[in-house]
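See structure below.
In the numbering used here, the protein residues as written are 1 to 199.
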């Protein structure tokens, strides 16, 4: 892969990975509510799930999803419903004691599966496949370069957001701060779901 294309890939990866979205919002909220260690299951799940999604798109299934409006609508509907459900769960947790229970828990497999109903993840995967992999004689070699780059960015961005949430944990434990923080994070998830309706 030429240096210019690799640099463009790095810029895209940084912009998409570190900008707020469902993954980074959940990483922040999970760590703020439960601590960094419990949030690491989700942080590790994001690159695994996203890599699986990228490989699905590279295999041509992504093009089928784009070409079949009913399937695309079904994926969006599941994604919107899931984000709204997560937003509701998050908005109900106002104390660390509540959060330490099952209320604020998104496990590894749930986090990996989230990538398949995350419109931002689909857009990024389809953009990368179309721009860097599909139709290239060295497509497989390019995929070998793209996957580790995206895994590093997906992990690093979610780890950074989770670390930020963990740093806020003690401050949020006082009074109603956690409740308002969780409601703000829930609002971000709900806004993402609203954006998905038009995407």
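For each residue, glycine too, the CB sits at the ideal point set by N, CA and C.
Treat the numbers as computed from the prediction; the structure is a model and nothing was measured.
Determine the burial state of residue i: buried for a count of at least 16 other Cβ atoms within 10 Å of its Cβ, exposed for fewer.
i: residue 69; result: exposed
i: residue 61; result: exposed
i: residue 2; result: exposed
i: residue 114; result: buried
i: residue 140; result: exposed
i: residue 129; result: buried
i: residue 124; result: buried
i: residue 26; result: buried
i: residue 172; result: buried
i: residue 67; result: exposed
Taking the straight line between their C-alpha atoms, what separation do you get for residue i and residue j?
i: residue 80; j: residue 43; result: 21 Å
i: residue 187; j: residue 87; result: 7 Å
i: residue 32; j: residue 133; result: 38 Å
i: residue 191; j: residue 7; result: 31 Å
i: residue 126; j: residue 136; result: 15 Å
i: residue 168; j: residue 50; result: 27 Å
i: residue 166; j: residue 36; result: 5 Å
i: residue 119; j: residue 20; result: 13 Å
i: residue 84; j: residue 183; result: 12 Å
i: residue 78; j: residue 29; result: 21 Å
i: residue 64; j: residue 116; result: 14 Å
i: residue 198; j: residue 73; result: 11 Å
i: residue 34; j: residue 143; result: 36 Å
i: residue 122; j: residue 105; result: 24 Å
i: residue 102; j: residue 108; result: Any reading at residue 102 is ruled out, since the residue's pLDDT is 48, under 50, leaving its predicted position unreliable.
i: residue 59; j: residue 39; result: 31 Å
i: residue 17; j: residue 152; result: 10 Å
i: residue 177; j: residue 15; result: 30 Å
Residue j and residue i - do their beta-carbons sit closer together than 8 Å?
i: residue 47; j: residue 155; result: yes
i: residue 54; j: residue 147; result: yes
i: residue 189; j: residue 90; result: yes
i: residue 45; j: residue 111; result: yes
i: residue 13; j: residue 185; result: no
Would you say residue i lies against chain B (beta-carbon separation less than 8 Å)?
i: residue 113; result: In the displayed structure, chain B is absent; only one protein chain is listed.
In chain order, each alpha helix (DSSP H) run of at least 4 residues that lies wholly inside the segment 54-139
You should have 61-67, 69-91, 96-99, 108-114 and 119-128.
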